[in-house]
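Novice: Could you have a look at this structure, given as structure tokens, before my questions?
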Amino acid sequence: MSGIDLLQVLSVFIEIIIAAGAVFIAVKKQRHFGWAIAATFGLYVCFDLSRMGMIPIIAGIDGFLFLVANIVMLIAIWLIIQEH
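In short: position in the sequence shown from 1, add 5, done, that's this note's numbering.
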């Protein structure tokens with residue numbers, strides 16, 4: 006496994022940890038923006054795994070996943086701003 010591959014795998018693990026932490030925020034802290042952050046990073050994991058060839062995704066849909074993830078993160082930011 007090359008250094009770049011190792012960095013990509015490490016990045017996916019970090020994304021999974023962030024998604025799990027966001028679910029904790031949503032469930033235990035009862036903050037709705039946690040679900041949006043979890044969804045964003047869940048989509049990032051799917052995007053990255055599809056780019057790595059580990060999960061089959063229909064050609065061209067990976068870019069759509071990335072766009073949707075970014076839109077959901079915008080929603081999370083909006084929810085955070087609305088809360089404060």
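Think of the CB as a built atom: it goes at the ideal place given N, C-alpha and C, for glycine as much as any other residue.
For residue 65, which of 89, 48, 55 has the nearest alpha-carbon?
Specialist: 55
Novice: Assign residue 16 to one of three DSSP states: helix, strand, or coil.
Specialist: Helix, per DSSP.
Novice: Classify residue 78 as helix, strand or coil using the three-state DSSP reduction.
Specialist: helix
Novice: Pull up the CB-CB distance for residue 13 and residue 57, whole angstroms please, since I reckon it's below 8 Å.
Specialist: 6 Å
Novice: Under three-state DSSP, which class holds residue 56?
Specialist: helix
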